[in-house]
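Chains as they are written, first to last, in my numbering: chain A, 107 to 413; chain B, 1002 to 1261.
No residue lacks a Cβ here, since even glycine has one placed at the ideal position from N, Cα and C.
For reference, the structure discussed in these notes is given below.
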């Protein structure tokens, strides 16, 4: 497979704010998920790939070209930006048609292609309405339509599933898979792990502007499972519950608050722990009031990875 | 891939309706209403000033010196800035067109608005001045036509300057106001050749070369020496082309970083 994106020692900062630090990676064709919490540098990397901004240091090539302000690059790529902005006074059809005209299509071809693209994203019924009347999900789908309408080789999508209802999200995931089958390479960002898992197994993990891991999502999950996970309880008698859970397999440690009403447990087998907990809690009669797994979110996953 | 001319025309055709129905056009219309409104007040309340005096004084002192740069600033500074503020510039800059087409297409769309609004204001100002009951020099074509020429040429040159400011400066409105009133206002009123560094000087030259003797009664017209019509229009044309070329060069290389 040929490389779609090649980055070498890529850094980008905005004044004193660091967006990306020494990123070196090679992305092959297929669907690549770009995963990271908010502020990880995903949008910065996508803007560099899309040719919207230049690197402060290092180099990037997309389909063998320097992407910044490169017309040949723009002919071959589609970019679905993160910002929720369209020309509100235009209809969805007029908006996509206008952008296709700028891609070099005749008025007739542009209109036909725009209609087909909007149909693919499920907006055929709403394409003649002004985009200011669209819901967030419809605007999101219009952004995707303008990015695929000119038949690019490479689609760059910044949080394309944000704001979509489950049905629309399913539709877009299916569309992206269909585009992949048609030979399109896709780079899709998200801060939600399961969104990316629905789309692809190949992910790049970004955190604080650096690449933490790249590869199969299952491998990264396995890496995560070897780290202890926290479970926090509010409980009537934390000491009683601590005595009961400390002997459970996988439990690595417990922490009791000074007033004896909060208990923190670290376990390397979260699923096993949660499965066995009801019976243990019932026999301990410690009066559990609430339970939380605060580090189940993506940010905590990244915190683990960075140590 | 569309070339510069094709992309500029496409952008102009799409953007002219958007610019026309924008809030900035409303602001221009409000500004442009001032000279005819003042003309009506003077013609019907101060009954000592003849029609030609009202048209030339308001035409130069208010319309050309103040309203024209302000309208050009309101529309011109928005040429690129509006796309940045609306965060839609990404769509234009991710198309295989020369980036300069975005500047030129939108500037032409703004120029149509500025020209229509200023032309209407000039025509109304002279028409209202004609209704003055005071006997004296009438408002003829040698007052109306030079005034129209001055607002149209001035609108084009100023809007190009402020469009360029929108590409170069983060706050083009402030930079434009400082230029139009602090720099031009200062230099245009200094004696000697300093005036030749201002757009106002060449607009005054256009009027002086083509207008009726009634223009000589307006402050600044009687005492100064002016360029010929050919030199004045050529100089302004060169300024316009150079400014647009510089702005086109700058927009082709500049990053426009948008927040999400």
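- Taking a cut-off of 8 Å on C-beta distances, the segment 156-174 of chain A touches the segment 107-121 of chain A, as three or more cross pairs fall below it.
- Taking the C-beta atoms as reference points, residue 386 of chain A is found no nearer than 8 Å to residue 286 of chain A.
- Cβ contact annotation for residue 243 of chain A (same chain, cutoff 7 Å, sequence separation greater than five): 269, 270, 271, 274, in chain order.
- Rounded to whole angstroms, the gap between the alpha carbons of residue 1070 of chain B and residue 125 of chain A is 40 Å.
- Out of A:239, A:189, A:225, the CA that lies nearest to the CA of residue 197 of chain A is found in A:239.
- The segment 305-350 of chain A contains, as complete alpha helix (DSSP H) runs of 4+ residues, the segments 323-331 (chain order).
- With 16 or more other Cβ atoms from the protein chains shown falling within 10 Å of its own Cβ, residue 147 of chain A counts as buried.
- Taking each of A:383, A:398, A:183, A:322 in turn and checking the Cα distance to residue 253 of chain A, the smallest one comes out for A:183.
- Pairwise C-beta distances place the segment 1089-1107 of chain B out of contact with the segment 1231-1242 of chain B, as fewer than three of them are shorter than 8 Å.
- Taking a Cβ-Cβ cut-off of 9 Å, residue 1080 of chain B has no neighbours in chain A, whose nearest Cβ is about 16 Å from it.
- Using a Cβ-Cβ cut-off of 8 Å, residue 207 of chain A counts as an interface residue toward chain B, since at least one Cβ of chain B sits closer than that to its own.
- The Cβ-Cβ distance between residue 139 of chain A and residue 308 of chain A falls below 8 Å.
- Counting only residues of its own chain and dropping the five nearest sequence neighbours on each side, residue 1108 of chain B has a CB closer than 8 Å to the CB of 1077, 1080, 1160, 1161, 1164, 1245.
- Listed by position along chain B, the residues whose Cβ is nearer than 7 Å to that of residue 258 of chain A form an empty set, because the closest Cβ is around 10 Å away.
- Taking C-beta atoms under 8 Å as the contact rule, residue 400 of chain A and residue 336 of chain A qualify, at a distance of about 6 Å.
- If you draw a straight line from the Cα of residue 1125 of chain B to the Cα of residue 235 of chain A, it is about 39 Å long.
- For the pair residue 1154 of chain B and residue 1207 of chain B, the CB atoms are nearer than the 8 Å cut-off.
- Look at residue 1022 of chain B here: in three-state DSSP terms it is coil, with no helix or strand label.
- In the DSSP assignment, residue 167 of chain A falls outside any alpha helix (DSSP H) and within the unbroken beta strand (DSSP E) covering 163-168.
- DSSP places residue 254 of chain A inside the alpha helix (DSSP H), whose first and last residues are 242-254.
- For the segment 276-307 of chain A, the full-length beta strand (DSSP E) segments reaching 3 residues or more read 291-296 along the chain.
- Under the DSSP assignment, residue 375 of chain A falls outside any alpha helix (DSSP H); it carries neither an H nor an E label.
- Collapsing the DSSP output to three states places residue 1066 of chain B in a helix.
- Taking the Cα positions, residue 1033 of chain B is about 45 Å away from residue 152 of chain A.
- With respect to chain B, the C-beta atom of residue 246 of chain A has no partner C-beta closer than 8 Å.
- Closest in C-alpha terms to residue 255 of chain A, from the list A:312, A:232, A:209, comes A:209.
- DSSP places residue 132 of chain A within a strand segment (E or B) once states are collapsed to three.
- DSSP lists A:132, A:167 as the bridge partner or partners of residue 112 of chain A.
- If you ignore the 5 residues before and after residue 1219 of chain B, its C-beta comes within less than 6 Å of the C-beta of 1057, 1058, 1061, all in its own chain and listed in chain order.
- DSSP places residue 1057 of chain B within a helical segment (H, G or I) once states are collapsed to three.
- A residue is called buried once 16 or more other Cβ atoms fall within 10 Å of its Cβ, and residue 313 of chain A is buried on that count.
- The C-alpha of residue 1037 of chain B lies about 22 Å from the C-alpha of residue 1022 of chain B.
- At a cut-off of 8 Å between C-beta atoms, residue 215 of chain A does not count as an interface residue with respect to chain B.
- The straight-line gap separating the alpha-carbon atoms of residue 1188 of chain B and residue 219 of chain A is approximately 55 Å.
- The alpha-carbon separation between residue 1194 of chain B and residue 1184 of chain B amounts to approximately 15 Å.
- Interface with chain A (8 Å Cβ-Cβ cutoff): residue 1253 of chain B is included.
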